[in-house]
Amino acid sequence: MKNILWNPPEPGKTQMAQFMYRVNQVYDLDMNSYDELFNWSVNHIP
Numbered sequence: 002m003k004n005i006l007w008n009p010p011e012p013g014k015t016q017m018a019q020f021m022y023r024v025n026q027v028y029d030l031d032m033n034s035y036d037e038l039f040n041w042s043v044n045h046i047p
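Numbers given in our numbering equal positions in the sequence shown, counted from 1, plus 1.
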């Protein structure tokens, strides 16, 4: 397992979280993690 180097103090306010929220809205999805966002981004080509 990898060691976590850093955790943001407010994860919901990061740019990645805001991007994931927007993608969820636009594409009617329910992603909740970086892994889900990553998989969607490499498998979904509009």
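Cβ coordinates follow ideal geometry from the N, Cα and C atoms, glycine included.
Note the first and the last residue of the continuous alpha helix (DSSP H) segment covering residue i.
i, result
"Asp-36", "35 to 44"
"Met-52", "Nothing can be reported for residue 52: it is not among the residues displayed for the chain, which extend from 2 to 47."
Whole angstroms is fine: what's the gap from residue i's alpha carbon to residue j's?
i, j, result
"Met-32", "Trp-7", "22 Å"
"Tyr-28", "Ser-34", "16 Å"
"His-97", "Leu-30", "Look at the range of the chain in this structure, 2 to 47, and you will see that residue 97 is not part of it."
For my contact list, residue i and residue j are in at a C-beta cut-off of 8 Å; report their separation, rounded to the angstrom.
i, j, result
"Pro-10", "Ala-18", "Rounded, the Cβ-Cβ distance is 13 Å, inconsistent with contact."
- Taking contact to mean at least 3 C-beta pairs separated by less than 8 Å, is the segment 33 to 43 in contact with the segment 5 to 24? With the cut-off at 8 Å, the segment 33 to 43 and the segment 5 to 24 touch.
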